[in-house]
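Below is one structure, written out as structure tokens; comments come after it.
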Amino acid sequence: MSFINNLNWRYATKQFNGNIVGDVQLDTILEAIRLAPSATGMQPYHIVVAHGAMKDKLIESSGQVAKMGASHLLVFCSRTDYPARGEQQIANTAQIQGVTTESLEGLKKMVWMSFESKTPEKLIAWAERQVYIALGFALAACAELEIDAAPMEGFKPDAFQEILGLPASIHPVVIMAIGHRDPEDSAQPSKRAKVRFPKDDLFSFQ
Ligand SMILES: Cc1cc2nc3c(=O)[nH]c(=O)nc-3n(C[C@H](O)[C@H](O)[C@H](O)COP(=O)(O)O)c2cc1C
């Protein structure tokens, strides 16, 4: 199928059939997330991949029990551990590009400016925007692989934080259940037309 056909095939899955997503496909989805771009390249996020009993516990706590048949639950978290994250980015860049950290002064300035120029509230909002780009890549990757996915903001981030034992600097923002659709799910596009605004509403050309 073409990419656009796959985007028409996908939908926010309400009911999954309990089948497990294979390791290779899961790894491809995670790789797409890893390759997502982010402002300054800092990737200020962390994604917990929950399965089995932990996945069930999280879904139960979210109240979205219709999603219980999902294979995995990806918990997209923002991270606000600056400047440590910036230091990691510089070290990672130096190692991958085979250069000294001293030669990365320009990058360091840009990275530091990205968190020093913002209030704590703006910093959180900035990190969360990067998280949503990663979510978008994950959704597109799932569509490509014909893996079903349900993105959700309907959950209690603080409860997830506690259940997962995450430090304060890593905060759940949005979650995505993945798996395979229940053929009975009435929300799927073959049973219920996908609703989008037309192009002349969404785009204008100048
Ligand atoms: C960021 C985000 C959060 C969402 N949160 C929920 C949610 O909590 N519960 C739910 O049932 N659907 C949720 N959805 C699904 C949307 O309602 C759905 O994507 C939208 O109506 C478009 O339909 P489609 O994805 O089936 O094409 C969410 C989608 C996104 C992108």
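Residues 1182 to 1387 in the numbering used here are what the sequence shown spells out, letter by letter. No residue lacks a Cβ here, since even glycine has one placed at the ideal position from N, Cα and C. None of the values given here were measured: they were computed from a predicted structure.
- Excluding five sequence positions before and after Ser-1219, the CB atoms of its chain that fall closer than 6 Å to its own CB belong to Gln-1311, given in chain order.
- Where Ala-1231 is concerned, the enclosing beta strand (DSSP E) starts and stops at 1226-1232.
- Beta-bridge annotation (DSSP): Met-1357 is paired with Leu-1255, Pro-1332.
- The beta carbon of Glu-1334 sits closer than 6 Å to at least one heavy atom of ligand 1.
- Here the alpha carbon of Ile-1210 sits roughly 14 Å from the alpha carbon of Ile-1356.
- With a threshold of 16 other beta carbon atoms within 10 Å, Val-1280 falls short and is exposed.
- If you look at Gln-1206, you'll find it in the alpha helix (DSSP H) that goes 1204-1215.
- DSSP, reduced to helix, strand and coil, places Arg-1266 within a helical segment of the structure shown.
- When the five nearest sequence neighbours on each side are left out, the beta carbons in the same chain lying within less than 7 Å of the beta carbon of Ile-1305 are those of Ser-1259, Thr-1261, in order along the chain.
- Your pair Ala-1193 and Pro-1332 checks out as a contact, with CB atoms roughly 6 Å apart and the cut at 8 Å.
- In this structure, Arg-1362 sits away from Asp-1339, with a CB-CB distance that is not shorter than 7 Å.
- In the structure shown, Ile-1185 falls within a helical segment according to DSSP collapsed to helix, strand and coil.
- Under the three-state reduction of DSSP, Ala-1193 is assigned to strand.
- Taken through DSSP and simplified to helix, strand or coil, Arg-1373 comes out as coil.
- Going by DSSP, Met-1291 is part of the alpha helix (DSSP H) stretching over 1286-1297.
- Closest by C-alpha distance to Ile-1344, out of Asp-1204, Asn-1198, Ser-1243, is Ser-1243.
- Cα atoms of Phe-1384 and Leu-1288: separation of roughly 34 Å, rounded to the nearest angstrom.
- When beta bridges are read from the DSSP output, Ile-1314 appears opposite no residue.
- Here Ile-1201 carries a coil assignment [DSSP, helix/strand/coil].
- Taking the Cα positions, Phe-1257 is about 6 Å away from His-1227.
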